[in-house]
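Enquirer: For the sequence shown, the UniProt record's numbering assigns the number 1 to the initial residue and increments by one for each residue that follows.
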Amino acid sequence: MKDKIYLGIDVGSTSVCTILLDGQAHILYEDYRRTYGQPLSVVLNVLEEIDRQIRLTEITSLSFTGSGGKSFLPLLGGEFINEIIAHGKAVAHFHPEVRTVIEIGGEDSKLIFLTPKPGGGSRILDFAMNTLCAAGTGAFLDQQAHRLGLKIEEFSRLALEAKNVPRIAGRCA
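(1) Would you kindly work out how many angstroms separate the C-alpha atoms of Ala-162 and Glu-49, rounded to a whole number?
(2) Note down the Cα distance separating Ala-86 from Asp-51, rounded to an integer number of angstroms.
(3) Run through the stretch 52–98 for me and flag every whole alpha helix (DSSP H) of 4 or more residues, listed as ranges in chain order.
(4) Which residue comes first and which comes last in the beta strand (DSSP E) that contains Arg-167?
(5) Tell me whether the stretch 55–75 and the stretch 109–121 touch, counting them as touching only if at least three CB pairs, one residue from each stretch, are closer than 8 Å.
(6) Helix, strand or coil for Thr-100 per DSSP?
(7) Could you name the residues of the same chain whose beta carbon sits closer than 6 Å to that of Pro-96, not counting the 5 residues immediately before and after it, in chain order?
(8) Ala-25 by DSSP, collapsed to three states: which one?
(9) Provide the residue span of the alpha helix (DSSP H) that contains Leu-148, from first to last.
(10) If you run the structure through DSSP and keep just helix, strand and coil, what is Pro-116?
(11) Assuming Ser-13 and Ala-139 form a contact by the criterion Cβ under 8 Å, report the distance between their Cβ atoms to the nearest whole angstrom.
(12) Label Pro-118 either buried or exposed according to how many other C-beta atoms from any shown protein chain fall within 10 Å of its C-beta, with 16 as the threshold for buried.
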């Protein structure tokens, strides 16, 4: 019997994040791409790339999350999973020691609190999302990284090396 293969695609407002896992949750493929307003083209390109490595027909389960995830269900099938649930499950599996998740997306930011489960792992205790126009902080940070000639993934490392911590406004960027 063949191993199960799971494909997860997070279609956000500014990017598409993709993960392909085997039945033991080993990462077979992972990808992050900006969409530049073309999420359909980006998802199709990612699927073509995956299909060159492993036949798409071998995928056992397809799940979407993110602000644009539901729009892909009629096109490709699969299921939609709420972002908070997706974050909680991923962290519980890959980093069970983590108790707080901060996700700054293109449209909103999320703060998720996790608590240990008896017998191991964790579960979502509580969460909060911002509702003001600073909700686009992820898109703002992405633009600033581009202007500085940096990858957004480099921002965390640079922030940890900072000698002075700047104040960030809680209002419009």
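From the three backbone atoms N, C-alpha and C, an ideal C-beta is built for every residue, glycine too.
Expert: Looking at the coordinates:
(1) 38 Å
(2) 24 Å
(3) 73–76 and 83–94
(4) Segment: none, Arg-167 is in no beta strand (DSSP E) and carries neither H nor E.
(5) no
(6) strand
(7) Gly-121 and Ser-122
(8) coil
(9) Leu-148 -> no alpha helix (DSSP H), and no H or E assigned at all.
(10) strand
(11) 7 Å
(12) exposed
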